[in-house]
Structures are given as C-alpha cells and as structure tokens.
Ligand code: HAM
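In our numbering, the protein residues as written are 6 to 423.
Encoded structure:
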C-alpha cells in the first residue's frame with residue numbers, strides 16, 4: 006500500500022508531464038486569443054455548493070463525491086467539477102457589477118469516486134471555460150469554436166461535436182411530462198437505476214447506456230419538438246453562428262448531460278477511439294445556476310475538457326508532441342578533483358540560460374560520457390587537465406565525437422551561437 010498510489014490516481018512522470026505542459030501552453034494561448042482570463046478556485050468547497058448546483062439526483066452528488074467533515078465540523082467536498090466554484094467566485098467577488106460577460110478559464114484536478122478504467126480516474130484534470138452574464142447564442146458558438154480551434158491546433162482529427170437543446174424550465178416541464186408518460190407505459194423495459202429515478206429526473210433515462218433503455222429512448226418524444234419559441238430561436242441562431250465559421254456538428258436528441266444545471270444548449274465533443282469513455286469535452290448553457298447559488302438572474306455557458314482523455318487521444322492518434330526535457334550540455338569532470346570546477350561551470354551555464362546537467366556519482370570520464378550520451382545532450386564540456394591550467398575546456402560534439410578546446414570565458418557565447 007505504501008508503494009502504490011490510491012486506486013484511480015496516478016503519477017505523471019517528467020516525460021509525460023512535458024506533454025501536459027505543451028498542451029497547457031496551447032490551451033493558455035487559445036484562451037488569450039478568445040479573451041478568457043484564468044481563475045484558480047480552491048480544490049474544495051462547502052458540500053452544499055455542489056448539492057445545489059450539480060443537483061441532488063445526479064450520479065456525481067449521489068455517489069461520486071469525496072465528502073468529509075473537517076476539524077471545524079463543516080461538510081467539505083473535493084471539487085468534482087469547477088463550474089459551481091466559478092459561479093460562486095463570480096458572486097463572491099461581485100463580478101456581476103462589471104462588464105458582462107465575465108469570461109474565465111481554469112485548469113486543474115477534479116475528484117470523483119468513479120469506477121476507474123481506461124480514461125476514467127478518481128483524480129483527473131479538466132480545462133474549462135465559463136462565460137457568465139450573456140444570453141447571446143454567439144457566446145455558445147464561441148465556446149464550441151474555442152474547443153474546435155484548440156483541437157485543430159493540437160492536431161486532433163475525427164472528433165464529433167454532438168449538439169442538442171434541452172430547453173428552459175418552462176418548455177422542459179411540458180417535455181418532461183410527455184417523456185414521463187411514454188416511459189411509464191414501458192416501465193418493464195427500463196433498467197433498475199432508470200426505474201428508480203424516472204419520477205425525479207426522467208431526462209436522465211435518455212443518456213442511459215443500458216441496451217433496453219437505449220432501444221426505448223430511440224422512439225421516445227424528442228425535446229427539440231417541445232422547445233418554446235425563445236429556446237427554438239436561440240438554438241437556431243447558435244447553429245447559424247456555427248455554420249458561419251464552418252464548425253461541423255451532429256444533432257443528438259438523446260444528449261442531456263449528467264448535471265442538473267443545464268438549460269438550452271448542451272454539447273459534447275467525442276472521439277470513438279477512446280473506447281467506452283468517448284467524451285473528451287462536455288458543456289452547455291446554465292441560465293438558472295447563478296440564481297440557484299443566491300445571485301441575480303444571470304445567464305452562463307461553458308464547457309470542461311478532460312485533459313487525461315485529451316492526452317490519450319493525442320497518443321493514440323500518433324501525434325508527436327514537441328517536448329524539451331533534454332539538457333543541451335553535459336558537464337564532465339576529468340578527475341574527482343575537478344568536480345567543484347565542473348559544478349561551478351554547470352551553474353554558469355544554467356545562469357546564462359543554457360540547460361545543463363552533470364553526473365553526480367564522481368565516476369570515471371568514460372562513465373560520465375556514457376551518462377552524457379544517455380541524457381541526450383548535444384555537447385559534453387570536459388573540465389580539467391592541461392586545458393584547465395590554460396583557462397580552457399574541451400567541448401565534445403556528442404554526435405560526431407569531435408573535440409575542440411575553447412577558452413572557458415568564451416564558452417557561453419560559443420554554445421549560444423552554435
Ligand atoms: P462533465 O461532462 O462532467 O462536465 O466533465 C467534462 C469532461 O471531464 C468529460 O467530458 C471528461 O472528458 C472529463 N471527465 C469527467 N469525469 C472524468 C473521470 N472520472 N476521469 C477522467 N476524465 C473525466 C463538467 O464537469 C461540467 N462542469 C462542464 C461544464 C462547464 N459545463 C458548463 N461549464
């Protein structure tokens with residue numbers, strides 16, 4: 006137990022972390038281009054925030070939250086997602102008093118007591134954006150376009166944007182009734198989970214993966230036919246905006262999403278190569294959430310992308326990621342007595358902005374050169390001998406094996422110009 010990470014968690018070691026850093030940089034640049042500023046909310050919140058926002062009858066709140074009582078007797082939950090925290094921060098810092106919408110993004114770990122499998126973890130990372138304070142359907146189109154641009158920049162192919170509208174509480178009520186009547190007539194074909202929650206949340210049956218439920222919902226009444234004129238107009242304009250930028254999508258009337266706060270637009274970006282966990286990204290509009298959290302009526306829209314899954318997709322698509330983990334220069338000491346000079350030179354190089362490393366074993370020159378080779382360094386600088394007495398060092402080109410003596414005080418400029 007002491008030597009294994011808890012189930013559903015994992016370590017990201019330097020080679021993989023370099024890939025994450027690259028992806029994170031591209032994400033930050035996309036957010037800059039689209040005008041989203043970073044928010045870093047805490048990793049835990051009052052449990053009630055998630056109960057109120059994500060919803061009591063959702064898988065997340067019913068069975069996936071890491072909740073505990075802290076030493077002060079408060080119920081605390083490790084964040085399972087960050088939309089709720091962003092909305093809480095929007096209210097706490099009076100961001101509704103400034104220009105709207107407020108456009109924020111976040112990146113970081115989320116926690117869900119999910120059943121671990123490929124692409125599904127108990128600690129996983131999300132990148133998400135939230136645009137709070139605008140009703141305009143072009144904001145829905147903006148967040149979808151941001152995802153698509155990001156995926157294009159990363160080189161991801163064959164992704165599908167699935168789109169639906171689940172209406173507003175007004176028109177959804179009518180749809181809910183129609184769906185409930187339909188499902189009640191076919192109760193015997195529903196799975197146990199769906200049967201237990203059709204009264205509380207019949208829409209969730211639509212995204213149940215059980216075969217019986219899927220067959221049943223294929224013929225169920227569809228939300229798009231029940232949209233009120235405002236929701237229908239919103240959905241139409243969103244699609245026009247997406248057409249205007251050449252964004253491809255597929256309508257999926259069964260897409261309802263597993264969180265309660267959504268209104269109108271919902272979408273997911275999927276990739277079939279991920280196996281059972283096809284969703285790389287999910288999001289939508291949440292026009293009632295700010296009010297639900299105690300604020301004034303305020304619309305909002307956003308998404309979150311699973312970074313672990315995104316990296317799996319990049320790997321599986323064979324997309325190579327530029328990473329720079331190797332030192333440029335390896336510094337070797339001719340003898341143990343040259344070790345402190347080698348260390349001093351190493352520090353000079355690093356302070357001059359050159360990535361450098363050395364062997365720490367006080368090994369023979371031969372062993373140090375072997376280590377230099379393994380490190381992938383382009384050059385090895387050898388410190389010691391007659392050269393040292395002359396104020397010089399030897400540079401060895403690790404590819405050709407060619408060695409040149411250079412004055413030590415010119416080393417930095419020589420390395421920088423070659
Ligand atoms: P979500 O669909 O629950 O939405 O999660 C978004 C993404 O996080 C998923 O598409 C998936 O890629 C990733 N994800 C979720 N659970 C796991 C897991 N156990 N392991 C690995 N990856 C996972 C939300 O979280 C909403 N807050 C999105 C949103 C933002 N809606 C509006 N604004």
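Glycine included, C-beta positions come from ideal geometry on N, C-alpha and C.
Query raised in the report: Comparing the CB of residue 286 with every heavy atom of the ligand HAM, is any distance shorter than 8 Å?
Result: Mapped onto the chain shown, residue 286 falls at position 281. Under cutoff, so the answer is yes.
Query raised in the report: To which residues of the same chain is residue 246 closer than 7 Å at the C-beta, ignoring the five residues directly before and after it?
Result: The residue labelled residue 246 in the question sits at position 241 within the chain shown. A distance below 7 Å between beta-carbons, with the five flanking residues on each side excluded, links residue 246 to the following residues of its chain, in chain order: 142, 143, 146.
Report task. Below 8 Å on the Cβ atoms is my guess for residue 168 versus residue 254; work out the distance and round it to an integer in Å. Result -> Within the chain shown, the letter at position 163 stands for residue 168. Within the chain shown, the letter at position 249 stands for residue 254. Taking a contact as a CB-CB distance under 8 Å, the pair residue 168 and residue 254 counts as one, their CB atoms being some 5 Å apart.
Report task. Answer with buried or exposed for residue 280, where buried requires no fewer than 16 other C-beta atoms within 10 angstroms of its C-beta. Result -> Here residue 280 is taken as the residue at index 275 of the chain shown, counted from 1. Label assigned to residue 280: exposed.
Query raised in the report: Using the C-alpha atoms, what's the distance from residue 123 back to residue 313?
Result: Walking along the chain shown from the start, residue 313 turns up at place 308. Walking along the chain shown from the start, residue 123 turns up at place 118. Whole-angstrom Cα-Cα distance: 10 Å.
**Report entry** residue 283 versus residue 81 - alpha carbon distance
**Finding:** Position 278 of the chain shown, counted from the first residue, corresponds to residue 283. Position 76 of the chain shown, counted from the first residue, corresponds to residue 81. Computed Cα separation, rounded: 31 Å.
Query raised in the report: Sorted by chain position, which residues of the same chain lie with C-beta nearer than 8 Å to residue 172's C-beta, five sequence neighbours on each side aside?
Result: Sequence index remark: in the chain shown, residue 172 carries index 167 (1-based). Here the set comprises 180, 228, 231, 232, 233, 236, 268, 269.
Query raised in the report: With 16 as the cutoff for other CB atoms within 10 Å, does residue 457 come out buried or exposed?
Result: This structure cannot settle anything about residue 457, because the visible part of the chain is limited to 6 through 423.
Query raised in the report: In terms of residue numbering, what span does the alpha helix (DSSP H) encompassing residue 296 cover?
Result: Looking up residue 296 in the chain shown gives position 291. Here the alpha helix (DSSP H) through residue 296 covers 294 to 297.
Query raised in the report: Excluding the five sequence neighbours on either side, which residues of its own chain have a C-beta within less than 7 Å of the C-beta of residue 24, listed in chain order?
Result: One-based indexing of the chain shown puts residue 24 at position 19. Contacts found: 316, 326, 328.
Query - Minimum C-alpha distance to residue 90 - residue among 411, 102, 137, 63 - result: For the purposes of this step, residue 90 is taken as the residue at position 85 of the chain shown. Comparing Cα positions, the closest option is 137.
Report task. Answer yes or no: the CB of residue 112 versus the heavy atoms of the ligand HAM, is any distance below 8 Å? Result -> Along the chain shown, read from residue 1 onward, the residue named residue 112 stands at position 107. Checking every heavy atom of the ligand HAM against the Cβ of residue 112, none is found closer than 8 Å.
Report task. Just grab the DSSP bridge partners of residue 141 for me. Result -> Along the chain shown, read from residue 1 onward, the residue named residue 141 stands at position 136. Per DSSP, none; premise fails for residue 141.
**Report entry** Neighbour-count burial assignment, residue 135, 16 or more Cβ in a 10 Å radius
**Finding:** To locate residue 135, count along the chain shown from 1; it is residue 130. Residue 135 should be labelled buried.
Query - Sheet register partners of residue 82 (DSSP bridge) - result: Here residue 82 corresponds to residue number 77 of the chain shown, with the count starting at 1. In DSSP, residue 82 forms a bridge with 50, 72.
Requested in this report: Give the secondary structure of residue 233 by DSSP, where H, G and I count as helix, E and B as strand, and everything else as coil.
Outcome: As a position in the chain shown, residue 233 is number 228, starting the count at 1. Reduced to three states, the DSSP call for residue 233 is coil.
Query - Opposing strand residues paired with residue 362 [DSSP bridges] - result: Here residue 362 is taken as the residue at index 357 of the chain shown, counted from 1. DSSP lists 335 as partners of residue 362.
Requested in this report: Check whether the Cβ of residue 88 lies closer than 8 Å to any heavy atom of the ligand HAM, and answer yes or no.
Outcome: Reading the chain shown from its first residue, position 83 is the one you call residue 88. Yes.
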